[in-house]
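S.K.:
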Amino acid sequence: MAKINEQDAPSINLIGTGTIIKGDIKSNGDIRIDGTVIGSIHSKGKVVIGATGNIEGEIDCVNGDSSGIIKAKVSVKELLSLKASSKLTGDIITNKLAIEPGAVFTGTCNMTSEQVSRDPFKMADKNEPAKIKEPVQ
């Protein structure tokens, strides 16, 4: 009989309304936060912050969806969606960003993808043109 390894199956985690967690959270699966987290959240899945959710700290995940309040540095590998009721204060690093009308974002945003970072013509400095070697004659 095959043995099922619990670590291989992604899990869905829920932090309910009224719950307050102070500390770091690491998850291999998706996580939904309707309560308060003061600390960092690291997920290999999607992080969803509900309308009653409140985050202070750092978020690092593959996809993010927010309807709540975030005061954090947010790093999302794929898509970050800020719904109309979302209020985000902090820095965003993401590949794609979707902001609905009504959402509030205060901070900086850096949109990058792995493809861009591997581009040989990528400029080192925005004020300096890319240097291309002249062909040998």
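Using my numbering, the first residue of the sequence shown is number 7, and each one after it goes up by one. Idealized CB from N, CA, C, for every residue including glycine. These figures come from a predicted structure and were not determined experimentally.
Mark Asn69 as exposed unless 16 or more other C-beta atoms lie within 10 angstroms of its C-beta, in which case mark it buried.
M.R.: Looking up residue 69 in the sequence shown gives position 63. Buried, because 16 or more other Cβ atoms sit within 10 Å of the Cβ of Asn69.
S.K.: Comparing alpha-carbon positions, which option in Ser49, Leu88, Ser91 and Gly45 lies nearest Ile18?
M.R.: Position 12 of the sequence shown holds residue 18. It is Ser49.
S.K.: Grouping DSSP H, G and I as helix and E and B as strand, with all else coil, what is Glu106?
M.R.: One-based indexing of the sequence shown puts residue 106 at position 100. Three-state DSSP puts Glu106 in coil, outside helix and strand.
S.K.: Answer yes or no: do Cys67 and Lys83 have a C-beta to C-beta separation smaller than 9 Å?
M.R.: Stepping through the sequence shown from its first residue, residue 67 is reached at position 61. Stepping through the sequence shown from its first residue, residue 83 is reached at position 77. Contact: yes.
S.K.: With DSSP collapsed to three states, give me the class of Lys89.
M.R.: Working through the sequence shown from its first residue, we reach residue 89 at position 83. In the structure shown, Lys89 sits in coil (DSSP, three-state: anything other than H, G, I, E or B).
S.K.: For Ala78, write down the residues that DSSP places opposite it in a beta bridge.
M.R.: Within the sequence shown, the letter at position 72 stands for residue 78. Ala78 pairs with Gly63.
S.K.: If you measure between the beta carbons of Gly74 and Asp40, is that distance less than 9 Å?
M.R.: Indexing the sequence shown from 1 puts residue 74 at position 68. Indexing the sequence shown from 1 puts residue 40 at position 34. In contact: Gly74 and Asp40 (Cβ atoms closer than 9 Å).
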